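These notes are about the structure you will find just below.
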Amino acid sequence: MRWPNGVKCLACNSDRITAITAKGKRNKKTGKVGPDRSLYQCKECRFQFTATTGTVYHDTHLPLHKWFLAIALITESKKGISANQLKRALGVQYRTAWYLAHRIRKSMVEANPKKLKGVVEVDETYVGGKQRGWKKKLKNKEVVMGIRERGGDLRLRHIENNSVEELGKQIKEHISPDVKMVVSDEFIAYPAAMISAGIHGTKHETIKHKDKIYVRGDVHTNTVESAFSLFKRGLTGAFHKVSLKHLQRYLDEFEFRFNNRKSPDLFGMTVRRMATVGGMPYAQLIEEHAFTPFIRPK
Ligand SMILES: [Zn+2]
36 MRWPNGVKCL
46 ACNSDRITAI
56 TAKGKRNKKT
66 GKVGPDRSLY
76 QCKECRFQFT
86 ATTGTVYHDT
96 HLPLHKWFLA
106 IALITESKKG
116 ISANQLKRAL
126 GVQYRTAWYL
136 AHRIRKSMVE
146 ANPKKLKGVV
156 EVDETYVGGK
166 QRGWKKKLKN
176 KEVVMGIRER
186 GGDLRLRHIE
196 NNSVEELGKQ
206 IKEHISPDVK
216 MVVSDEFIAY
226 PAAMISAGIH
236 GTKHETIKHK
246 DKIYVRGDVH
256 TNTVESAFSL
266 FKRGLTGAFH
276 KVSLKHLQRY
286 LDEFEFRFNN
296 RKSPDLFGMT
306 VRRMATVGGM
316 PYAQLIEEHA
326 FTPFIRPK
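Letter by letter, the sequence shown follows residues 36 to 333 of my numbering.
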């Protein structure tokens with residue numbers, strides 16, 4: 036998966052590679068010698084490496100099959116899986132499971148998400164906190180903004196507050212200026228937020244939920260709302276208590292699953308992504324990971 040066109044040297048990019056067997060390393064404390072290791076060696080620069088060198092799979096003591104099982108569980112469960120469930124399924128410590136889940140989620144973040152076009156729905160929802168009376172309802176709650184292209188992708192962002200500035204920033208970042216129409220509800224911040232993001236006039240349509248009108252022809256926010264309700268079911272069902280610090284990671288996971296819901300091989304896609312994400316060049320590798328390469332002196 037890492038080298039679809041044949042193995043290439045991580046240090047010099049040469050394709051003249053041989054497979055070798057290296058003697059197991061001796062543990063300095065116990066004196067025990069580990070099992071022999073299968074390595075690749077570059078014929079040009081003699082660099083030795085494996086398929087996991089420099090990937091997220093490398094700097095972990097967890098066997099690869101547990102990584103793959105964790106990825107399968109996370110990608111195949113519709114509402115997500117808690118670190119506790121993962122811990123039981125994999126037979127690992129809670130901390131390991133938690134760390135694993137976060138690494139997998141991190142790899143799910145789209146590096147260069149495309150801007151949304153066509154008919155786009157925006158809405159915001161409030162997560163967590165306690166509901167204390169009608170008017171104080173929004174206190175202690177986190178704002179999640181949802182932006183969804185009808186028939187297309189979803190973006191979920193944990194934002195600071197529901198101000199014009201915050202909403203406008205997200206609209207600008209995620210919606211193409213060529214959008215056909217953006218639909219929101221009558222929330223007071225939207226008109227100014229749209230204008231600040233360059234979406235003017237008839238391009239912004241509003242649905243008045245206050246008047247109990249939820250659909251006016253094409254003008255509705257039903258598809259973004261259905262994504263919210265799916266996410267919220269996942270929150271209460273699987274995660275119980277999501278630390279607010281990590282809310283965006285859960286949103287990323289949900290967004291990834293949602294946007295790839297028609298993909299026939301979400302598991303393979305994620306495994307592949309993790310084998311390439313973080314597959315960095317040699318110099319950066321030793322710098323960032325304090326990684327000691329198995330390199331022979333010339
Ligand atoms: Zn090389």
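Note that CB positions come from ideal geometry on N, CA and C, so glycine has one too. Just so you know, these numbers come straight off a predicted model, no measurement behind them.
Rank Ala46, Cys80 and Leu191 by C-alpha distance to the C-alpha of Asn294 and give the top, closest one. Closest by alpha carbon: Leu191.
Of the choices Ile234, Val217 and Gly252, whose alpha-carbon is the least far from that of Glu240? Among Ile234, Val217 and Gly252, the Cα nearest to that of Glu240 is on Val217.
Using the DSSP secondary-structure output, state which residues sit across from Tyr161 in a beta bridge. Beta-bridge pairing links Tyr161 to Val178.
Could you pull the DSSP bridge partners for Ile116 from this structure? None; Ile116 has no bridge partner.
Given a cut-off of 8 Å, decide if Lys64 and Arg268 are closer than it, judged by their beta-carbon atoms. Contact: no.
Rounded to the nearest angstrom, what separates Val214 and Leu282 at their Cα positions? Distance between the alpha carbons of Val214 and Leu282: 28 Å.
Proximity winner among Met143, Lys243 and Leu265, relative to His255 (alpha-carbon distances): Ranking the options by Cα distance to His255, first place goes to Lys243.
Buried or exposed by the 16-neighbour rule on C-beta atoms within 10 Å, applied to Pro316: Note that Pro316 scores 41 on pLDDT, short of 50, meaning its location in the model is unreliable and no value can be drawn from it.
In whole angstroms, what is the alpha-carbon distance linking Ser142 and Asp246? Distance between the alpha carbons of Ser142 and Asp246: 43 Å.
Using a threshold of 7 Å, is the CB atom of Ala46 nearer than that to any non-hydrogen atom of ligand 1? Yes; taking the cut-off as 7 Å, the Cβ of Ala46 has a heavy atom of ligand 1 nearer than that.
What is the residue span of the alpha helix (DSSP H) that Ala262 lies within? Counting along the chain, the unbroken alpha helix (DSSP H) around Ala262 starts and ends at Asn257 to Gly269.
Assuming the contact rule is C-beta atoms closer than 8 Å, Leu151 and His209 should be a hit. Round their C-beta distance to whole Å, please. Indeed they touch by this definition, with Cβ atoms about 6 Å apart.
Which residue or residues does DSSP assign as beta-bridge partners of Val217? Answer by DSSP bridge pairing, in chain order: Val155 and His239.
Between the C-alpha atoms of Lys122 and Val157, what's the straight-line distance to the nearest angstrom? About 36 Å.
Taking its Cβ as the centre, do 16 or more other Cβ atoms sit within 10 Å of Tyr129, making it buried, or is it exposed? Around the beta carbon of Tyr129, fewer than 16 other beta carbons lie within 10 angstroms, which makes this residue exposed.
Can you give me the C-alpha to C-alpha distance between Tyr92 and Leu125, rounded to a whole angstrom? Their Cα atoms are separated by approximately 16 Å.
Expressed to the nearest angstrom, what Euclidean distance is found between the alpha-carbon atoms of Leu135 and Trp102? Between Leu135 and Trp102, the C-alpha separation is close to 8 Å.
Give me, in chain order, the residues of the same chain whose beta-carbon lies closer than 7 Å to that of Arg140; leave out the 5 immediate sequence neighbours on both sides. Cβ neighbours of Arg140 beyond the five flanking positions: Arg284, Asp287 and Glu288.
Taking all protein chains shown into account, decide if Arg296 is buried (16 or more other Cβ within 10 angstroms of its Cβ) or exposed. Burial call: exposed.
On the CB-based measure, 16 or more other CB atoms within 10 Å of its CB, does Ser264 come out buried or exposed? Under this definition Ser264 is an exposed residue.
Would you kindly work out how many angstroms separate the C-alpha atoms of Thr53 and Gly187, rounded to a whole number? Spanning the two alpha carbons is a distance of roughly 45 Å.
So does the segment 103–113 actually touch the segment 55–73, counting three or more Cβ pairs closer than 8 Å? The segment 103–113, when compared against the segment 55–73, does not touch it at the 8 Å Cβ threshold.
Is the beta carbon of Thr110 sitting closer than 8 Å to the one on Leu301? Cβ atoms of Thr110 and Leu301: closer than 8 Å.
May I have the straight-line CA-CA distance separating His193 from Thr258, to the nearest angstrom? If you take the alpha carbons of His193 and Thr258, they lie about 19 Å apart.
CB-CB length for Cys77 against Arg37, believed under 8 Å: Their Cβ separation, rounded to whole angstroms, is 15 Å, which puts Cys77 and Arg37 out of contact at 8 Å.
Can you find a heavy atom of ligand 1 that lies under 7 Å from the Cβ of Phe82? It does: the Cβ of Phe82 is within 7 Å (strictly closer) of some heavy atom of ligand 1.
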